[in-house]
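If you read the sequence shown in our numbering, its first letter stands for residue -11, the second for the next number, and so on. A quick write-up on the structure given underneath.
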Amino acid sequence: MKWFSNYLDFTIKPKLAIPLILGFVVFTVIGTLTHELGHIAFAKAQGCTTTLHYGYMTYNQEPVPEDIARIAKVYHKEINQRVDFPEKDRWEAVRKQGRNLAFWVSFGGPFQTTVFGTLGILVLFQRRGSIKVFGLKRVDWLWVFFSLFWLREVYNPVYAFISGSLRGDFNP
């Protein structure tokens, strides 16, 4: 295995390790917040009010149409039993709008994350000549961390599959 050690050096270099660890921690926070801001951007584009939290966001469609609140109050029994009622078409149309809104708000976070990750990869690709000659500079490390945003989009479905399979409730 001597040939292996000719190519890889497993010594820890504190002058490099400490900034990389700190950079990874900082970019984890940046990645999480910008991911949530992606959800918020799509929600705001649909006219929703939003609140940013660390690791999640909330949104409300404002204003809720008055007739929908009235329909829910008057026909709650029929709605729960899934039987016909006079204003079912209006109710179903608004529910469909809500599902559409939820899709786009959910899409916003992964969209933002993959855009930033792809931008990081493209910039590194564009700078590959300079990197080969001069090595990775500080600015290059910023783009490396941005490119790592893709890890979230790979990790989340893999984690959902494994944890759902272990619990026995995975439903693709």
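Glycine is no exception: its CB is placed at the ideal position from the N, C-alpha and C atoms.
Original post:
What residue from 19, 18, 17 and 40 has the CA that sits closest to residue 28's CA?
Top reply: Residue numbering aside, residue 28 sits at position 40 when the sequence shown is read from its first letter. Nearest option by C-alpha distance: 40.
Subject >> Where the alpha helix (DSSP H) through residue 107 begins and ends >> reply: If you number the sequence shown from 1, residue 107 lands on position 119. Its alpha helix (DSSP H) spans residues 76 to 114.
Subject >> Endpoints, the beta strand (DSSP E) within which residue -1 is located >> reply: As a first step, residue -1 must be located in the sequence shown, where it is residue number 11. DSSP places residue -1 in no beta strand (DSSP E); its state is neither H nor E.
Original post:
Of the choices 22, 82, 46 and 48, whose alpha-carbon is the least far from that of residue 56?
Top reply: Looking up residue 56 in the sequence shown gives position 68. Residue 56 has its Cα closest to that of 82, out of 22, 82, 46 and 48.
**OP:** Give every residue of the same chain whose Cβ lies closer than 7 angstroms to the Cβ of residue 73, excluding the five residues on either side of it in the sequence, and list them in chain order.
**Re:** What you label residue 73 is simply residue 85 of the sequence shown in a count that begins at 1. For residue 73, same chain residues with a beta-carbon under 7 angstroms away, outside a window of 5 residues either side, are 63 and 66 in chain order.
Original post:
So what does DSSP say about residue 40, is it helix, strand or coil?
Top reply: For the purposes of this step, residue 40 is taken as residue 52 along the sequence shown, with counting starting at 1. Secondary structure at residue 40: strand, using DSSP grouped into helix, strand and coil.
**OP:** Indicate the three-state DSSP secondary structure (helix, strand or coil) for residue 147 in the structure shown.
**Re:** Locating residue 147 in the sequence shown gives position 159, where the first residue counts as 1. Residue state, collapsed to three classes: helix.
Original post:
By DSSP, does residue 69 sit in helix, in strand, or in coil?
Top reply: Within the sequence shown, the letter at position 81 stands for residue 69. Looking at residue 69 - three-state DSSP - the assignment turns out to be helix.
**OP:** Return the first residue and the last residue of the alpha helix (DSSP H) that residue 134 is part of.
**Re:** In the sequence shown, counting from the first residue as 1, residue 134 sits at position 146. First-last of the alpha helix (DSSP H) with residue 134: 126 to 135.
**OP:** Taking only the alpha-carbon atoms, compute the straight-line gap between residue 116 and residue 60 and give it to the nearest angstrom.
**Re:** As a position in the sequence shown, residue 116 is number 128, starting the count at 1. As a position in the sequence shown, residue 60 is number 72, starting the count at 1. It is roughly 59 angstroms from the alpha-carbon of residue 116 to the alpha-carbon of residue 60.
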